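Numbering (the working numbering), first residue to last: 2 to 499. Don't be surprised by glycine CBs; every beta carbon is placed ideally from N, CA and C. Just so it is clear, the structure is predicted and the values come from calculations on it, not from any experiment.
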Ligand SMILES: [Cu+2]
């Protein structure tokens, strides 16, 4: 399962040596443990005058899923992965009861939403874990329209089937499209002879033994032949992930049994593309079409046409397309030398045969955009003002030992970043490794140097970028890599208000 031919990562930070050696000597799993303060129940939130309330119930439970003829045991919200889409309008109050029917503690994190900290779903930081058989009420106002999703913030649970879209409609939305398709991308391993927890244990064990990853065999019986690893000129380097997944899914379906999206030629479609992947960067393209990117992470951008775009773990992109006549592959091609094929959905506006599972739309070799190349719409910019305080954010780590760090130490050993209410904080973020990392910020957005706001930014190997955030949401928050294995192996840090 772990990739057979991987090699060492570069440790560029001198400060890394200490913690890495520590973990190697102790032989401990370098997964961080958080203090367990008793948080009790969050204060109830009465709706403000005129505020609409959207209530929902979310049952996290073990399920059996059919991946195109192969059944897997996993955990999901409700009966399916992704779970049912939760939908509200900007300004609404959400009241979502999580019913934990899993055999493990869990929480829900509302990824990208600028919500009150009590609802952010980080056990030990914002709430107690929701115990087996218990429930928890998440109450929060959703201030910003956009494409979001939710998932647990416990261990590697995200890499099971525990995720679902959260769509926040814009009351001022011009609605200049006929159809809307929500597409959730995922890399899948759970129930194929291993679990995400075992994958992490294996990564840690391989790292501790100093060996390169070993191929633990069996690739789930799918053979897509030797698909090209993709372009050689991507910004992400050759080493983009740690796990060679047997399946890549779109809306829970494998490419041998893809979801079919029905439309009519000439219709305008809004695509809302969400990456629920744990360890995979995808290139997304729709054969026979150019897409116009309109939003990333919920924020509007100056519309730009492209053949394809990259999407990292936790990122979201909205695009519009005008449908042609025929049957078209929508492909999510994993970056790096993955063997498990690709994600596929089929767009159908006329009769015709389905594309093969390993179809390669020529758009994959065309213009491919990434988030940092987009220009913000003026409505989405942070107001112009100076920086009050600056902090470094250095991403480091290695495969052997399997320890990932921020500011020279894994989570629990690194020092929280601090900010006072009302300050503008500049994060001088540097990726000191040869892997890309999707950097995710809770409860806020960060603005790139061009003003574009995002909550999840894919940082290329050795990339540096200045990220500004306005400290307008007091509480205790996290900044972390959204590669779930990196996060669990330490690539997280707290952001605390003073
Ligand atoms: Cu990472």
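Query raised in the report: Would the segment 87-98 and the segment 275-288 be scored as touching if the rule is three or more Cβ pairs under 8 Å?
Result: no
Report task. Tell me whether residue 415 counts as near ligand 3, meaning its Cβ is closer than 7 Å to at least one heavy atom of that ligand. Result -> Although ligand 3 was asked about, the structure shown includes only ligand 1 as ligands.
Query raised in the report: DSSP on residue 464, reduced to helix/strand/coil?
Result: coil
Query - Close beta carbons around residue 378, own chain, < 7 Å, minus the five adjacent residues each side - result: 301, 302 and 303
Query raised in the report: Excluding the five sequence neighbours on either side, which residues of its own chain have a C-beta within less than 6 Å of the C-beta of residue 355, listed in chain order?
Result: 347
Requested in this report: Within the segment 317-388, note down every full beta strand (DSSP E) run reaching 3 residues or more, in order along the chain.
Outcome: 317-323, 328-335 and 344-349
Query raised in the report: Is there at least one non-hydrogen atom of ligand 1 closer than 7 Å to the beta-carbon of residue 487?
Result: yes
Query - CA nearest to the CA of residue 463, picked from 494, 490, 431 and 480 - result: 431
Query raised in the report: Mapping DSSP to helix, strand and coil, what is residue 46?
Result: coil
Query raised in the report: What three-state label does DSSP hand residue 207 in the structure shown?
Result: helix
Report task. Give every residue of the same chain whose Cβ lies closer than 6 Å to the Cβ of residue 487, excluding the five residues on either side of it in the sequence, and list them in chain order. Result -> 405
Query raised in the report: Taking Cβ to Cβ, would you say residue 116 is nearer than 8 Å to residue 444?
Result: yes
Query raised in the report: Considering only the beta carbon of each residue, do residue 124 and residue 152 sit closer than 8 Å?
Result: no
Query raised in the report: Roughly how many angstroms separate the alpha carbons of residue 238 and residue 434, rounded to a whole number?
Result: 11 Å
Query raised in the report: Is the CB-CB distance between residue 292 and residue 266 below 8 Å?
Result: no
Query raised in the report: Hey, how far is the Cα of residue 489 from the Cα of residue 60?
Result: 24 Å
Requested in this report: Please go through the same chain and pick out, in chain order, the residues whose beta-carbon is closer than 6 Å to the beta-carbon of residue 360, but skip the five residues on each side of it.
Outcome: 330
**Report entry** Proximity below 8 Å, CB of residue 457 to CB of residue 441
**Finding:** yes
Query raised in the report: Using a Cβ-Cβ cut-off of 7 Å (strictly less than) and excluding sequence neighbours within five positions of residue 326, which residues of its own chain qualify?
Result: 266, 350 and 351
**Report entry** DSSP state of residue 200 mapped onto helix, strand, coil
**Finding:** helix
Query raised in the report: Among 459, 203, 178 and 41, which residue has its Cα nearest to the Cα of residue 298?
Result: 459
Query raised in the report: For residue 475, which residues from the same chain have a beta carbon less than 7 Å from its beta carbon, with the 5 sequence-adjacent residues on both sides left out?
Result: 422 and 498
Query - Integer Cβ distance of residue 68 from residue 255, believed to fall under 8 Å - result: 5 Å
Query raised in the report: When you compare only the Cα positions, how much space is there between residue 221 and residue 193?
Result: In this predicted model, residue 221 has a pLDDT of only 32, less than 50, meaning its place in the structure is not dependable; the value taken from the coordinates is given anyway. When rounded, the distance between both Cα atoms is 7 Å.
Requested in this report: Could you work out which residue in 415, 198 and 52 is closest to residue 144 when comparing CA atoms only?
Outcome: 52
Query raised in the report: Does DSSP put residue 495 in a helix, a strand or coil?
Result: strand
Query raised in the report: Expressed to the nearest angstrom, what Euclidean distance is found between the alpha-carbon atoms of residue 81 and residue 425?
Result: 41 Å
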